Amino acid sequence: MERNIILGGGIAGLAAHQRLKENGISSKCYEQDGQCGGLCASFSIGGFTFDKFVHLSFTKEDAVKDVFSASTEYITHQPEAMNYADGMWIRHPVQNNLCGLPVKEKVEIIKSFVNKPEADKIGNYEDWLRAQYGDYFAEKYPMRYTRKYWGVHADEMGTDWVGERMFVPELEKVLYSSFVTSTDNVYYAKEMRYPVKGGFYAFIAQLADTDDVLLNKKMIRIDEKEKKVHFSDGDIVAYDNLISTCPLPEVVDCLQYADKAVREAAGRLKCTSGYIISIGLNKQKSFPALWFYIYDEDILPARVHSPSMKSINNAPVGKSSLQAEIYFTGGKWTEKQEEDILNQTISKLISIGLFSEDDVEIKDIRYMKYANVICDQVIDKNRKVVTEYLDENGIITAGRFGEWRYFWSDQSFLSGKRAADVLSERISKRN
Ligand SMILES: Cc1cc2nc3c(=O)[nH]c(=O)nc-3n(C[C@H](O)[C@H](O)[C@H](O)COP(=O)(O)OP(=O)(O)OC[C@H]3O[C@@H](n4cnc5c(N)ncnc54)[C@H](O)[C@@H]3O)c2cc1C
Numbered sequence: 001m002e003r004n005i006i007l008g009g010g011i012a013g014l015a016a017h018q019r020l021k022e023n024g025i026s027s028k029c030y031e032q033d034g035q036c037g038g039l040c041a042s043f044s045i046g047g048f049t050f051d052k053f054v055h056l057s058f059t060k061e062d063a064v065k066d067v068f069s070a071s072t073e074y075i076t077h078q079p080e081a082m083n084y085a086d087g088m089w090i091r092h093p094v095q096n097n098l099c100g101l102p103v104k105e106k107v108e109i110i111k112s113f114v115n116k117p118e119a120d121k122i123g124n125y126e127d128w129l130r131a132q133y134g135d136y137f138a139e140k141y142p143m144r145y146t147r148k149y150w151g152v153h154a155d156e157m158g159t160d161w162v163g164e165r166m167f168v169p170e171l172e173k174v175l176y177s178s179f180v181t182s183t184d185n186v187y188y189a190k191e192m193r194y195p196v197k198g199g200f201y202a203f204i205a206q207l208a209d210t211d212d213v214l215l216n217k218k219m220i221r222i223d224e225k226e227k228k229v230h231f232s233d234g235d236i237v238a239y240d241n242l243i244s245t246c247p248l249p250e251v252v253d254c255l256q257y258a259d260k261a262v263r264e265a266a267g268r269l270k271c272t273s274g275y276i277i278s279i280g281l282n283k284q285k286s287f288p289a290l291w292f293y294i295y296d297e298d299i300l301p302a303r304v305h306s307p308s309m310k311s312i313n314n315a316p317v318g319k320s321s322l323q324a325e326i327y328f329t330g331g332k333w334t335e336k337q338e339e340d341i342l343n344q345t346i347s348k349l350i351s352i353g354l355f356s357e358d359d360v361e362i363k364d365i366r367y368m369k370y371a372n373v374i375c376d377q378v379i380d381k382n383r384k385v386v387t388e389y390l391d392e393n394g395i396i397t398a399g400r401f402g403e404w405r406y407f408w409s410d411q412s413f414l415s416g417k418r419a420a421d422v423l424s425e426r427i428s429k430r431n
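Residue numbers (my numbering): 1 to 431.
Written out as structure tokens, the structure reads:
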């Protein structure tokens with residue numbers, strides 16, 4: 001019988017493991033942390049439950065909906081978000097909700113739409129933004145937000161990832177929205193699901209409930225010729241087939257024989273890291289929206305959401321919570337810097353009126369090395385060099401950081417499932 005290994009117990013690794021089982025193939029899944037779930041994991045502090053970043057499910061894929069709803073009861077939210085920019089709260093997306101803005105700002109935005117440049121030369125995301133919204137709007141809102149969310153300037157990014165994510169209104173809609181507040185909700189998802197209890201992780205917890213998923217197993221080396229994986233606890237496991245959902249740059253770092261070109265290409269794959277700042281409040285507060293985006297540069301978080309609005313069970317009775325997300329490129333900050341950022345962020349959120357200092361019951365800051373894959377102009381070229389080498393060596397990759405794509409949880413799930421099907425087909429052809 002062939003020995004099948006999956007590296008990483010996030011949603012992609014767990015989906016691969018489950019799919020292999022459905023295909024009648026046994027496998028072992030190795031997760032470096034003491035808990036499965038990766039970015040889809042949840043954690044608890046003092047009776048408050050938090051996720052790692054916002055996390056709501058807006059999948060349209062029945063295969064994913066079925067797995068999620070078989071795991072837990074869920075709440076359905078309408079995707080109503082807000083923006084905070086320059087002291088103003090604006091319904092999301094700004095381009096379709098101008099009504100509350102000062103007249104001068106509305107006029108500038110409308111002029112921006114009317115005078116937008118021709119869309120004939122789109123070389124990068126900045127060109128795309130200018131062509132859709134005009135210079136004033138592009139610079140004031142999405143380009144400013146890009147620096148906070150993606151950690152790079154919009155001209156460094158490509159456009160393949162945009163899809164439905166950015167709403168582009170016709171001029172008529174922009175004009176209507178400057179007079180009336182009753183604009184359509186144009187968010188790209190029509191509903192968002194969230195578990196009643198247990199945080200986002202409850203959607204996938206049952207996938208991890210098997211003895212074949214092993215925790216605290218950090219892969220540190222792969223001998224791709226001998227087909228052996230080394231773990232940090234000294235274990236060496238031989239395999240016939242390997243699916244990796246670990247971040248590509250880390251996998252390449254651990255390969256024994258990859259040449260300079262592969263290592264350099266992996267080194268050029270860029271992503272943001274993140275800090276999540278979780279705040280438990282000792283009373284029930286109401287917030288402007290389930291989540292909101294912050295454009296101001298002097299407030300570090302790019303987005304804030306309320307876990308207790310996602311589910312009241314995420315906070316003890318009579319209490320509420322918020323979580324702020326800070327993105328950056330570069331390494332982890334020192335403990336002192338982390339503490340300063342935690343306190344500075346709380347002060348800023350107090351200054352915009354979300355809660356007061358006396359309301360804070362718990363506060364926590366956590367570092368996430370891998371947040372968003374940066375879809376820059378050279379991503380395709382570098383990703384190809386790395387994945388071709390892995391493929392030549394029989395290593396199948398899956399998931400957000402295994403495929404190195406800007407995947408939502410459902411896409412990561414399906415990527416894991418696909419990897420398992422590829423492997424199943426290879427096994428069946430050999431036997
Ligand atoms: C800011 C943010 C917000 C998001 N919001 C949403 C949302 O609202 N809705 C949505 O659907 N999706 C959302 N996503 C996307 C979603 O989190 C990802 O698509 C998904 O969690 C990726 O799953 P994965 O299994 O591919 O990767 P991961 O979750 O990263 O899992 C990889 C696993 O591999 C393990 N691992 C890594 N290295 C090793 C090693 N050397 N040895 C062993 N194990 C290892 C890790 O510990 C981890 O558990 C969001 C992502 C971010 C960053």
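Even glycine gets a Cβ: it sits at the ideal position worked out from N, Cα and C.
Keep in mind the model is a prediction, meaning the values are calculated, not measured.
Just checking residue i against ligand 1 - is the residue's beta carbon closer than 6 Å to any of the ligand's heavy atoms?
i                 : result
valine 54         : yes
glutamate 108     : no
isoleucine 11     : yes
leucine 39        : yes
arginine 221      : no
phenylalanine 355 : no
glutamate 31      : yes
alanine 371       : yes
glycine 163       : no
cysteine 271      : no
glycine 8         : yes
tryptophan 408    : yes
threonine 210     : no
glycine 399       : yes
cysteine 246      : yes
serine 232        : no
serine 320        : no
lysine 348        : no
lysine 218        : yes
serine 412        : yes
Determine the contact status of residue i and residue j, defining contact as a CB-CB distance below 7 Å.
i              : j                 : result
isoleucine 204 : cysteine 40       : yes
tryptophan 404 : leucine 300       : no
serine 308     : alanine 371       : no
threonine 245  : glycine 8         : yes
alanine 398    : alanine 63        : no
aspartate 320  : leucine 349       : Just to set this straight, residue 320 is serine in the shown sequence, not aspartate. In this structure, leucine 349 does not lie closer than 7 Å to serine 320 by Cβ.
valine 213     : cysteine 29       : yes
cysteine 271   : valine 373        : yes
alanine 81     : tryptophan 291    : yes
isoleucine 277 : isoleucine 365    : yes
arginine 302   : lysine 173        : Contrary to the premise, residue 302 reads as alanine rather than arginine in this sequence. No. Outside cutoff.
proline 247    : phenylalanine 401 : yes
serine 412     : isoleucine 11     : yes
valine 386     : alanine 261       : no
leucine 56     : tyrosine 141      : no
arginine 3     : tyrosine 239      : yes
histidine 77   : methionine 192    : yes
Pull up the DSSP beta-bridge partners for residue i, would you.
i                : result
methionine 219   : Phe231
isoleucine 276   : Glu325, Arg366
alanine 238      : Lys228
glycine 37       : Gly10
arginine 303     : Tyr293, Glu325
methionine 192   : His77
phenylalanine 43 : Phe50
leucine 281      : Ser320, Val360
leucine 214      : Tyr30
asparagine 23    : For asparagine 23, which the question treats as bridged, DSSP gives no partner whatsoever.
serine 244       : Leu7, Thr397
leucine 255      : Ile222
At a threshold of 6 Å, does residue i count as lining ligand 2 (C-beta to nearest heavy atom)?
i          : result
lysine 332 : This structure simply doesn't include ligand 2; it includes ligand 1 instead.
Could you say if the segment 415-423 and the segment 278-294 meet the contact criterion of at least three C-beta pairs nearer than 8 Å?
no
Could I get the ranges of all uninterrupted beta strand (DSSP E) runs contained in the segment 46-125, with 3 residues as the minimum, in chain order?
48-51, 74-77, 81-85, 88-91
In chain order, each alpha helix (DSSP H) run of at least 4 residues that lies wholly inside the segment 347-393:
379-392
Evaluate contact between the segment 59-73 and the segment 193-207, counting only Cβ atoms and requiring at least three cross-stretch pairs below 8 Å.
Yes: the two stretches touch, three or more of their Cβ pairs being nearer than 8 Å.
At least three beta-carbon pairs within less than 8 Å, the segment 167-185 to the segment 39-53
no
Whether or not the segment 214-231 and the segment 101-109 are in contact is what I'm after, with contact meaning three or more pairs of Cβ atoms, one per stretch, closer than 8 Å; do they touch?
no
Which full runs of the alpha helix (DSSP H) of 4+ residues lie inside the segment 154-187, going along the chain?
As far as the segment 154-187 is concerned, its whole alpha helix (DSSP H) runs of at least 4 residues are 171-179.
So does the segment 151-160 actually touch the segment 372-392, counting three or more Cβ pairs closer than 8 Å?
yes
Assess contact between the segment 146-154 and the segment 123-130, defined as three or more Cβ pairs (one per stretch) separated by less than 8 Å. Is contact present?
yes
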